[in-house]
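Heads up, the thing below is written out as structure tokens.
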Amino acid sequence: MNDPSNTGANATTVIERRAIGEFEDTSIFGVLRRKRGWTDEYLIDINNPFHEELKDVDRMAAELHRIRLSGAQIVVLPDFDMDGITSGSLGWAGLNELGFNAELYVPDYRRGHDISVEAVRELREQFPNAAAIITCDGGINSNEGISEARRLGLITLVTDHHVELAPGSVADIAVNPVRINESYGHPGICGAYVLHQVLTAYAIRYAPNKAGSISMLKLFAGIGTVSDVMPLFFENRKMVRDSLSLARLLYVSIPAEDLVTQYNVENSILMMLLRGQNHHPAFLSVFEGFALMMQAFKEHRKPILDEDGKQATDNYGKLLFASGKLRSMADLTEEFYAFYFAPAFNAIRRVGGSMHDAFGVFTAPTAAQKYEHAKAIIDINELRKELSAEYLAKIWEEEQPLAEKGVFFTDAPLGMLGLIANNLMRESGRPTVVARRPDGPAEPVGGSARSPFWFPIISTMTPRGFFAIGHENACGVRADNLSELVRFAEEMNAEADVIYATMLLSGELDAAQSAALVLGPEDDCDAGLTDVEELMDLTLGIDSLAPYGHGFPRPEIELVVDLSRCSIQTLGLGDIHLRIVLPIGMKMLWWNEADRLHDLRELAESPIPGESIVRMRVKLSINSFRGNESVQATIEQMLEPRIDENDDEENGI
Numbered sequence: 001m002n003d004p005s006n007t008g009a010n011a012t013t014v015i016e017r018r019a020i021g022e023f024e025d026t027s028i029f030g031v032l033r034r035k036r037g038w039t040d041e042y043l044i045d046i047n048n049p050f051h052e053e054l055k056d057v058d059r060m061a062a063e064l065h066r067i068r069l070s071g072a073q074i075v076v077l078p079d080f081d082m083d084g085i086t087s088g089s090l091g092w093a094g095l096n097e098l099g100f101n102a103e104l105y106v107p108d109y110r111r112g113h114d115i116s117v118e119a120v121r122e123l124r125e126q127f128p129n130a131a132a133i134i135t136c137d138g139g140i141n142s143n144e145g146i147s148e149a150r151r152l153g154l155i156t157l158v159t160d161h162h163v164e165l166a167p168g169s170v171a172d173i174a175v176n177p178v179r180i181n182e183s184y185g186h187p188g189i190c191g192a193y194v195l196h197q198v199l200t201a202y203a204i205r206y207a208p209n210k211a212g213s214i215s216m217l218k219l220f221a222g223i224g225t226v227s228d229v230m231p232l233f234f235e236n237r238k239m240v241r242d243s244l245s246l247a248r249l250l251y252v253s254i255p256a257e258d259l260v261t262q263y264n265v266e267n268s269i270l271m272m273l274l275r276g277q278n279h280h281p282a283f284l285s286v287f288e289g290f291a292l293m294m295q296a297f298k299e300h301r302k303p304i305l306d307e308d309g310k311q312a313t314d315n316y317g318k319l320l321f322a323s324g325k326l327r328s329m330a331d332l333t334e335e336f337y338a339f340y341f342a343p344a345f346n347a348i349r350r351v352g353g354s355m356h357d358a359f360g361v362f363t364a365p366t367a368a369q370k371y372e373h374a375k376a377i378i379d380i381n382e383l384r385k386e387l388s389a390e391y392l393a394k395i396w397e398e399e400q401p402l403a404e405k406g407v408f409f410t411d412a413p414l415g416m417l418g419l420i421a422n423n424l425m426r427e428s429g430r431p432t433v434v435a436r437r438p439d440g441p442a443e444p445v446g447g448s449a450r451s452p453f454w455f456p457i458i459s460t461m462t463p464r465g466f467f468a469i470g471h472e473n474a475c476g477v478r479a480d481n482l483s484e485l486v487r488f489a490e491e492m493n494a495e496a497d498v499i500y501a502t503m504l505l506s507g508e509l510d511a512a513q514s515a516a517l518v519l520g521p522e523d524d525c526d527a528g529l530t531d532v533e534e535l536m537d538l539t540l541g542i543d544s545l546a547p548y549g550h551g552f553p554r555p556e557i558e559l560v561v562d563l564s565r566c567s568i569q570t571l572g573l574g575d576i577h578l579r580i581v582l583p584i585g586m587k588m589l590w591w592n593e594a595d596r597l598h599d600l601r602e603l604a605e606s607p608i609p610g611e612s613i614v615r616m617r618v619k620l621s622i623n624s625f626r627g628n629e630s631v632q633a634t635i636e637q638m639l640e641p642r643i644d645e646n647d648d649e650e651n652g653i
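Numbering-wise, UniProt numbering puts 166 at position 166 of the sequence shown, and it's gapless, one number per residue.
Okay, here's the thing in structure tokens:
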């Protein structure tokens, strides 16, 4: 079957042709391109998906073929985060589609990310007839577990994307873009993508009639790419684009005015195509599961609470609910993967949930069971939000002796430390560590660290003899005792002062934090805010260059708005949102910020010259309603008023 996500290399729009510079662009979008350095050559380069084959893919494909021909059972052994879940689902579905006798082992996050001896023994008990295991998103440094698997007579195939440490893996065959002696050009690919490359290589060599089917499993590799925060360059960009194309084919669009038609995933284009083809039940299962997960997001309703914590009602006494996170196909973007889909699955381990929900969405035998797992995941994520808020509030009620140095103690579950640290870091704008409170000063202490973009934790702290592992701005930290943690806090805080001051004086900090494009009437604006059609063109141009993410962030747009010339009203059931209509007719929406109505109207009516002018960071989007399209802005942040030094002198400051 052909991959329906492949739209062809020549299917470029006028906006896309403008984006890569086929003709001169003098629009606002052209200004943005020049400011961002998005030259023709740069955009063509980062969108080149070509890549060589990973080292030993041919050997692994050959060994897999031997296993398939023998009819022996192979068990997929994944990690437990979103990349691991998508890897495991992809591997289970793909191997079965290729004719393997394949099973899936559900991991236990309490054992950690390494493949442990206990996990291998449990796998052997569950699958006594297994002849081989294939890991995904893990295992490259799990030599004890892999050695145990070999001792138990299992062929060990490892696919991973974490750095291989000396002396190297003891697996029979390993494929990994950051192996010792690997020369893969773009090593920043996720675990699901590594396994997808293995299955693709197998299909090309031994099952070309299934190459199209394996290609469609890019749906899951794209989710893994976004969720594991891989750099969105080169082959990763095409992977995410193709993944979203497939996801949209699994979405059922029902007009907003149609209140009769029930949402049914079987009415999606891709499910109808798949049902009409000859596919293994496991292959069909994972696509059905993803479609049902989207349905669960669409249909989830969260009660809107009033000031007393009770569910709010409208003027007719009807209970009010917030709409789901997937209201239309327009919401189905890489941001949905990053901010809703992946966090919901990752919430399971944060609150002590069951990984059988995570994998059950894709593997349960019936659609009804899959949907129950999907709803359970969303409920778990809501619980995670509630618990995170409770533990965050509790931190300020307890003694925090190292708070001034950016270190906080909590009794929250280990899986929530990073979330709490991230919230505290956003409040302070400084590197932050959240750790479990040790039983005594001589006991080891560990936790999670988060930092702003300008402070690389690992490369700053590990040369000083401290332990930090993970990503530069999001990592785990560990100290042998409380005294060592105090030293960590002191040195981290001191080094942060130096780095911050250096970047502030050099102008790097302001440059990094400034918007990509400023529109409005002020002298520092890049262009005016006077033409809706130009804003539509700008929005289409930005959208044409998606996906955005790590390494290629969506450009921040800043609007300078005179509130005295705007209409400001509440919006939505319960009047919980704000709508600001500009003189040119464009709407600005501010979700869940109706409490600001009074303050904004005061600014609009202020007699002080210039006080009615505010700066908003926004995300531009195209709104479609009953066949009509318009550009709108979603407000993400209102900036503090800028203080002009001349104004300070006039006011005696």
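Think of the CB as a built atom: it goes at the ideal place given N, C-alpha and C, for glycine as much as any other residue.
All figures in this text were calculated on a predicted structure; none of them were measured in a lab.
Check	Outcome
Mind checking which residues open and close the alpha helix (DSSP H) that includes G37?	Unbroken run through G37: none, as it is neither H nor E.
Count the other C-beta atoms from every protein chain shown that fall within 10 angstroms of the C-beta of L246, then say buried if there are 16 or more, exposed otherwise.	buried
Out of F488, F287 and G585, state which residue places its alpha-carbon closest to the alpha-carbon of V361.	F287
Below 8 Å CB to CB, which residues in the same chain sit around V618 once its five sequence neighbours on both sides are set aside?	I557, E558, L559, M588, A633, T634, I635 and E636
In the DSSP assignment, what are the bridge partners of D562?	I613
The ligand HEM and E125: does the residue's C-beta get closer than 7 Å to at least one heavy atom of that ligand?	Looking at this structure, you won't find the ligand HEM or any other ligand, since it has none at all.
Look up C475 in the DSSP assignment and give the residues it is bridged to.	A449 and G470
As a quick exercise: from N176, R426 and R205, pick the residue whose alpha carbon is nearest that of R66.	R205
Whether or not the stretch 401-411 and the stretch 329-338 are in contact is what I'm after, with contact meaning three or more pairs of Cβ atoms, one per stretch, closer than 8 Å; do they touch?	no
Given 8 Å as the limit, is there contact between the stretch 246-265 and the stretch 67-85, that is, 3 or more CB pairs closer than that?	no
L95 by DSSP, collapsed to three states: which one?	helix
Is N143 near S116, with beta carbons less than 8 Å apart?	no
Return the CA-CA distance between residue 654 and A511, expressed in angstroms with no decimal places.	With the chain covering 1 to 653 only, the question about residue 654 has no answer from this structure.
Using the beta-carbon count (16 or more within 10 Å), is L639 buried or exposed?	exposed
Can you tell me whether Q632 is helix, strand or coil according to DSSP?	strand
Which runs of the alpha helix (DSSP H) at least 4 residues long sit entirely within the stretch 60-109? Give them in chain order.	82-97
Under three-state DSSP, which class holds I44?	helix
Assign T460 to one of three DSSP states: helix, strand, or coil.	helix
Check the DSSP bridge columns for I580 and list the partner residues they point to.	I568 and M588
I'd like the list of long-range same chain contacts for I214, defined as Cβ closer than 6 Å, with 5 residues on each side in sequence excluded.	G94, L199, T200 and A203
Rounded to whole angstroms, what's the CA-CA distance from L419 to T26? Just pull it up for me.	43 Å
If you compare alpha carbons, which of A474, I580 and L392 is closest to N423?	L392
So, helix, strand or coil for residue 654, using DSSP?	Residue 654 is absent from the structure shown; the chain starts at 1 and stops at 653.
Using the Cα positions of A129 and V260, report the straight-line distance between them to the nearest angstrom.	In the sequence as displayed, the identity of residue 129 is Asn instead of Ala. Roughly 50 Å between the two C-alpha positions.
Between the C-alpha atoms of A290 and D58, what's the straight-line distance to the nearest angstrom?	According to the sequence provided, residue 290 is Phe. The question's Ala does not apply to it. The straight-line gap from Cα to Cα measures roughly 30 Å.
Quickly, what does DSSP pair Q400 with across the bridge? List them, please.	Paired residue(s): none; Q400 is not in a bridge.
Specify the secondary structure class of S27 as computed by DSSP and reduced to three states.	coil
Which same chain residues, not among the five before or five after N473, have their C-beta less than 6 Å away from its C-beta?	S451
Going by DSSP, which residues form a beta bridge with Q513?	Q513 pairs with nothing; no bridge assigned.
Residue ranges of each alpha helix (DSSP H) run of no fewer than 4 residues wholly in the stretch 338-388, ordered along the chain?	342-350 and 355-363
With distances taken Cα to Cα, identify the nearest neighbour of L274 among G212, D242 and F297.	G212
Does DSSP classify D411 as helix, strand or coil?	coil
Give a yes or no on whether the C-beta atoms belonging to D526 and L519 are separated by under 8 Å.	yes
Please classify D480 as buried or exposed, where buried requires at least 16 neighbouring CB atoms within 10 angstroms.	exposed
With DSSP as the reference, label Q637 as helix, strand or coil.	strand
Between which residues of its own chain and A594 is the CB-CB distance below 7 Å, once the five residues before and five after are set aside?	T570, D575, I576, H577 and L578
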